[in-house]
Each structure stands twice: as C-alpha cells, then as structure tokens.
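Following: one structure in structure tokens, then a few remarks.
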Amino acid sequence: MKQLLLVFLGGGVGSILRHIISRTFNNYFQHFYLGTFIVNVIGCLIIGLILGLSLRNNYLTQNQTLLLTTGFCGGFTTFSSFALENHALIKAHEILHFSLYTISSITVGILAVLLGFWLSKLIH
Numbered sequence: 001m002k003q004l005l006l007v008f009l010g011g012g013v014g015s016i017l018r019h020i021i022s023r024t025f026n027n028y029f030q031h032f033y034l035g036t037f038i039v040n041v042i043g044c045l046i047i048g049l050i051l052g053l054s055l056r057n058n059y060l061t062q063n064q065t066l067l068l069t070t071g072f073c074g075g076f077t078t079f080s081s082f083a084l085e086n087h088a089l090i091k092a093h094e095i096l097h098f099s100l101y102t103i104s105s106i107t108v109g110i111l112a113v114l115l116g117f118w119l120s121k122l123i124h
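Numbering (my numbering), first residue to last: 1 to 124.
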C-alpha cells in the first residue's frame, strides 16, 4: 500500500509540473510542441540520473526510486501527448515538422537518459 501511495504522490506532482510547462511552452512554435519536448527530455534525464544513482551502491532506497521514476517521471513525461501531437502534424500534412519533432524527441530523449547515467557517476 505504501508503494502505491508513493507512485500516486510522485505521479500527481509530475502531472502538475507537466501541465504547467506544456501550457507555458507549447505555443512558442506553430509546428513544434516545445512544452512536451521539454518535459520528455527532462524526464529522460531525471530517470537516467535516478536509475544510475539507484543502481550504484544503493544510493537511493527502493521506495525513493519508485517515487521518482514510476511516480514522478511517469506522471511528468507524456508519450500519449507526443503521439497525439504527431497525429496532428500528419493530419495537417506537416511531414517535415512531424519528422523533425519525432526524430529530435527520440534522439535527444535517449541522449538525455545517457547523460543522466553519466551524471550519476559523478555524484559521490
């Protein structure tokens, strides 16, 4: 029951922050959803950092890892919004913007996870 509550709390905080960031930044560019891009990249960085710390000498407890990864990152990042935005770009025949948004989101997201793992090695 405690683990469910941790996931619930982390997810709630992550969802609120995602909403604020998406609402603030998604209107900056007509065919690039900057807010969604930002939360997904930051979420990738955070999950890489947290899992890197968690795997290294049990730096974080299992409950802290659950709160921050499944809870916070799960609520903060948003694959469903990413997919819906890509659908809108395809529907509007914005194939170049669709390609740019999709490729940059996936590439930068993976690089952010790798950066998070690398940064976790620098923390003593």
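Ideal Cβ placement from N, Cα and C applies to all residues, glycine included.
With 16 other Cβ atoms within 10 Å as the buried cut-off, status of Phe79:
Against the sequence shown, residue 79 aligns to sequence position 79. Under this definition Phe79 is an exposed residue.
Quick check on Ile90: buried or exposed, where buried means 16 or more other Cβ atoms within 10 Å of its Cβ?
Mapped onto the sequence shown, residue 90 falls at position 90. Ile90 should be labelled exposed.
Tell me Phe29's beta-bridge partners as DSSP assigns them.
Here residue 29 refers to the residue found at position 29 when the sequence shown is read from its first residue. Answer is Phe32, bridged to Phe29.
Beta carbon of Ala112, beta carbon of Val39: below 8 Å?
Translated into the one-based positions of the sequence shown, residue 112 becomes position 112. Translated into the one-based positions of the sequence shown, residue 39 becomes position 39. Taking 8 Å as the Cβ cut-off, Ala112 and Val39 do not qualify as a contacting pair.
For the alpha helix (DSSP H) containing Ala112, name the first residue and the last one.
Residue mapping note: residue 112 aligns to position 112 of the sequence shown, counting from 1. Ala112 -> alpha helix (DSSP H) spans 95-122.
According to DSSP, is Leu5 helix, strand or coil?
Counted from its first residue, the sequence shown places residue 5 at position 5. Helix, per DSSP.
Neighbour-count burial assignment, Phe82, 16 or more Cβ in a 10 Å radius
Stepping through the sequence shown from its first residue, residue 82 is reached at position 82. Buried.
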